[in-house]
Amino acid sequence: AESATLRRLDADACDYALEVTDSTNLLRFLEQGSLFVSHHGGYRYHALFADFLRRRSDVSSERREEIHRRAAAFFVRRGNEEEAVQHLLAANDYDAAGDLLARVGARMTETGRHRALAALLDRLPEAVLSRSGALLLMHAETHRLASRYGEAIPLYVRARDRFHGAGDVSGEVRALRAQALVYLDTV
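Quick note on numbering: the sequence shown equals residues 17 to 203 in our numbering.
Structure (C-alpha cells):
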C-alpha cells in the first residue's frame, strides 16, 4: 500500500522511494493481470483503486512524507523537476518546493507551462511566496500570461520590493521590465 503514495509508478522511482528492488516485475505482473494498473505514459493505479489503497493504508503520515521526499530526490536527479515539486508539496516541504520552483519556473514559463507553474505556485503558502522575489515575479508572470493584469501588478510591486530589500538590482530591473509588459499587453 506504500506505492499508492506515489502519483506515478515508475519502476526505478518506486525502487528508490519505497526502498525495494522488485518494482519492475511487480508492475508488469499487475499490468498483465489488469490488476488496477494503467500504463498511459507510465504506470499508475486506477484512480478509485489508488484512493482505496490510500484510505485503507496503515502507512503513517511521516512515512508518506519520507516516500515523497525520496521520490522528489529521485526525480530531481532524473531532471524531472516538475514531478519533484509535486512530491515536495505532497510531503509538505514547502520551502524546498519553493526553492526548486525558483530554479525551474522561468523554464516552465518559457516552454508554455505557465498554467502548470501557476497551479504549483498556488499550492505554496503565502509565507513561502513572500520570502522570494523570484517566486513573486513568477507568480506575477503567470497572472499576466493569463490576462489577469489586476492580480499581476501587485505581485510585480511586491517582487520589486523584495528584490530591493535584498539588494538585488538586477531582480528589481527584471520585475520592472516584466511589469511594463502588462501595459504593452493591454495597448
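Every residue, glycine too, gets a C-beta built ideally from N, C-alpha and C.
Query: Rounded separation between E126 and M154 - CA only; Result: 11 Å
Query: Cβ shell of V101 (< 8 Å), same chain only, five flanking positions each side left out; Result: A88, A113, L116, L117, V120 and L136
Query: C-beta atoms of A27 and T40 nearer than 7 Å; Result: yes
Query: Where the alpha helix (DSSP H) through R3 begins and ends; Result: This structure cannot settle anything about residue 3, because the visible part of the chain is limited to 17 through 203.
Query: Identified DSSP bridge partners for R178; Result: R178 is not bridged to any residue.
Query: Distance CB(V144)-CB(Y110) smaller than 7 Å; Result: yes
Query: Exposed unless 16 or more other CB atoms sit within 10 angstroms - verdict on T202; Result: exposed
Query: Between the CA atoms of A196 and Y165 - distance to the nearest angstrom; Result: 11 Å
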